[in-house]
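Structure first, commentary second.
Chains as they are written, first to last, in my numbering: chain A, 461 to 706; chain B, 461 to 706.
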């Protein structure tokens with residue numbers, strides 16, 4: 461039995477999310493169909509980030525175990541040839557026994573892009589949220605700083621019965637960029653809609669409609685009604701996933 | 461009679477080029493239909509750059525003359541609301557009598573983007589040409605420098621019976637960028653497929669398959685067969701058009 465690890469990038473626009481879902485087109489569905497063709501037998505994959513519909517990935521990581529023998533380089537080339545450029549395999553390699561793309565991950569990093577131009581840039585329409593308002597970047601960074609550390613993010617997550625919403629955010633910051641700021645956030649793991657809820661709240665802060673100083677109390681309340689909804693999915697990219705060395 | 465000037469941006473992916481063409485979806489077709497609705501009467505537009513199918517624009521310029529009275533700001537908002545984010549009106553203004561988006565233009569500037577990554581980036585698939593080879597940027601810039609000045613570009617233009625192919629290139633250079641170089645070229649005017657032919661030739665130079673020193677003789681030969689075809693349209697953006705002040 462060999463464990464494989466594949467790093468994939470995709471444009472999420474044309475998919476109903478990452479996770480396989482009978483009857484709709486998903487990244488996992490397309491990927492597992494291609495893998496079955498290349499390997500000659502079905503495989504069950506595990507993924508680092510189950511991205512929502514419309515969310516993109518620069519480097520999501522998938523793992524699977526198979527009895528079949530296949531060259532990793534051939535896997536990489538074949539998947540890219542079959543599914544690219546919508547889904548491409550950036551890398552493929554044999555992984556140590558027990559490697560699991562989901563549970564072995566040390567942290568995940570996301571980026572969210574805003575187009576703050578007066579009119580939307582048509583070439584960013586699939587990858588940036590158009591917010592045609594002046595944004596106070598310093599205030600947005602004060603808001604982002606309040607996310608760092610271990611918190612219960614129930615106010616910023618779509619509830620999932622019986623699961624904890626406590627997460628540890630390692631870094632969170634807005635970066636000046638043209639034509640609008642880019643949010644980069646790193647955590648061991650994220651709960652559902654957490655990044656997009658952070659972005660929506662930071663944008664309210666940037667527009668002067670919420671005080672950055674209120675973020676700690678919004679988190680402490682553990683009340684989804686205090687959030688400002690979720691930013692649209694298409695600005696979000698799963699940027700990087702880190703694993704232990706070796 | 462009032463002359464109007466509108467600056468438009470568009471994602472060319474979904475259009476059969478700029479120019480109106482019965483039975484197919486074009487930028488001009490969509491724009492004139494929207495203008496007729498807003499103004500209440502049909503108008504005939506003139507454009508600075510008649511971009512090919514798949515080519516994008518950041519700031520193409522359109523002009524038209526009408527007897528109707530309409531606020532430029534309303535034109536800008538209405539077009540963007542009706543056609544955005546695929547086509548947006550960046551600006552709209554009344555122009556001096558006699559202003560003609562095509563014939564008044566002093567120069568046009570284009571950019572062409574290359575994705576030189578080992579695998580294509582899915583999020584650049586609509587806007588960059590994937591060239592997965594090492595590219596010698598210095599050599600590409602020696603090639604680009606040979607385009608500057610007044611030359612007969614017959615070797616780099618799709619022929620058009622009876623029309624001159626002499627053009628004056630003001631600037632041409634490749635800029636280092638991630639994940640691949642960007643070409644920026646400015647000329648009073650371009651002939652058909654000229655920028656994409658320049659790009660294809662420069663890429664051959666960058667790959668070491670054509671010597672940069674051969675560009676002057678390729679131009680002097682006035683022979684389209686000496687070119688290296690045309691780079692694909694989707695990497696090209698009409699970036700800027702300049703008009704006389706006032």
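Backbone N, C-alpha and C fix where the C-beta goes; we use that ideal spot for every residue, glycine too.
Among the residues of the stretch 470-501 of chain B, those with a Cβ less than 8 Å away from any Cβ of chain A are 470 and 471, in the order of the chain. C-alpha of residue 543/A to C-alpha of residue 674/B: approximately 39 Å in a straight line. Chain A places a beta carbon closer than 8 Å to that of residue 582/B, counting this residue as a contact. In this chain, residue 526/B is not harboured by any alpha helix (DSSP H); it is covered by the beta strand (DSSP E) spanning 516-526.
Membership of residue 642/A in any alpha helix (DSSP H) is not indicated; the residue belongs instead to the beta strand (DSSP E) covering 642-647.
Looking at the backbone, the Cα of residue 680/B and that of residue 612/B are separated by about 7 Å. DSSP places residue 595/A in the coil class of the three-state scheme, outside both helix and strand. Within its own chain, the residues whose Cβ lies closer than 6 Å to the Cβ of residue 551/A, once the five positions on either side in sequence are excluded, are 467, listed in chain order. For residue 698/A, the enclosing beta strand (DSSP E) stretches over residues 696-702.
When 7 Å is used as the limit between beta carbons, residue 509/B is near no residue of chain A, the shortest such separation being about 15 Å. Interface criterion not met: the Cβ of residue 693/B is under 8 Å from no Cβ in chain A.
Using a CB distance below 7 Å, the part of the stretch 566-580 of chain A facing chain B consists of 579 and 580, ordered along the chain.
The C-alpha of residue 526/A lies about 7 Å from the C-alpha of residue 463/A. When C-alpha distances from residue 703/A are compared across 556/A, 627/A, 580/A and 671/A, the shortest belongs to 556/A.
If you look at residue 630/A, you'll find it in the beta strand (DSSP E) that goes 626-635.
Rounded to the nearest whole angstrom, the C-alpha separation of residue 470/A and residue 583/B is 7 Å.
Interface flag for residue 655/A against chain B is unset, since no Cβ pair is found closer than 8 Å. Between the alpha carbons of residue 484/A and residue 461/B lies a gap of roughly 54 Å. At a beta-carbon threshold of 9 Å, the residues of chain A lying near residue 546/B are 582 and 585, ordered along the chain. Close partners of residue 516/B in chain A (Cβ separation under 8 Å): 582 and 583. For residue 550/A, the nearest beta carbon of chain B is closer than 8 Å to its own beta carbon.
DSSP places residue 568/B inside the beta strand (DSSP E), whose first and last residues are 567-575. Straight through space, the alpha carbons of residue 658/B and residue 616/B are spaced by roughly 7 Å.
Here the stretch 554-571 of chain B does not lie against the stretch 491-504 of chain A, with fewer than 3 beta-carbon pairs under 8 Å apart. Residues of chain A with a Cβ closer than 7 Å to the Cβ of residue 593/B do not exist; the shortest Cβ-Cβ separation is about 16 Å. Annotation: Cβ neighbours of residue 540/A in chain B (cutoff 7 Å, chain order): 579. Pairing residue 586/B with residue 699/B gives a Cβ-Cβ distance that is not under 8 Å. For residue 511/B, no beta strand (DSSP E) run applies, since DSSP gives it neither H nor E.
Counting the other Cβ atoms within 10 Å of the Cβ of residue 620/A gives fewer than 16, which makes it exposed. The C-beta of residue 593/A has fewer than 16 other C-beta atoms within 10 Å across all chains shown, which makes the residue exposed. In this chain, the alpha helix (DSSP H) harbouring residue 490/A covers 487-499. Looking from the CA of residue 579/A, the closest CA among 599/B, 578/B, 538/B and 564/B belongs to 538/B.
Neighbours of residue 590/B across chain A, judged by C-beta separation under 8 Å: 545.
As far as DSSP is concerned, residue 478/A takes part in no beta bridge. Going by C-alpha positions, residue 520/A is about 44 Å away from residue 495/B. In the DSSP secondary-structure assignment, residue 463/B is bridged to 525/B and 555/B.
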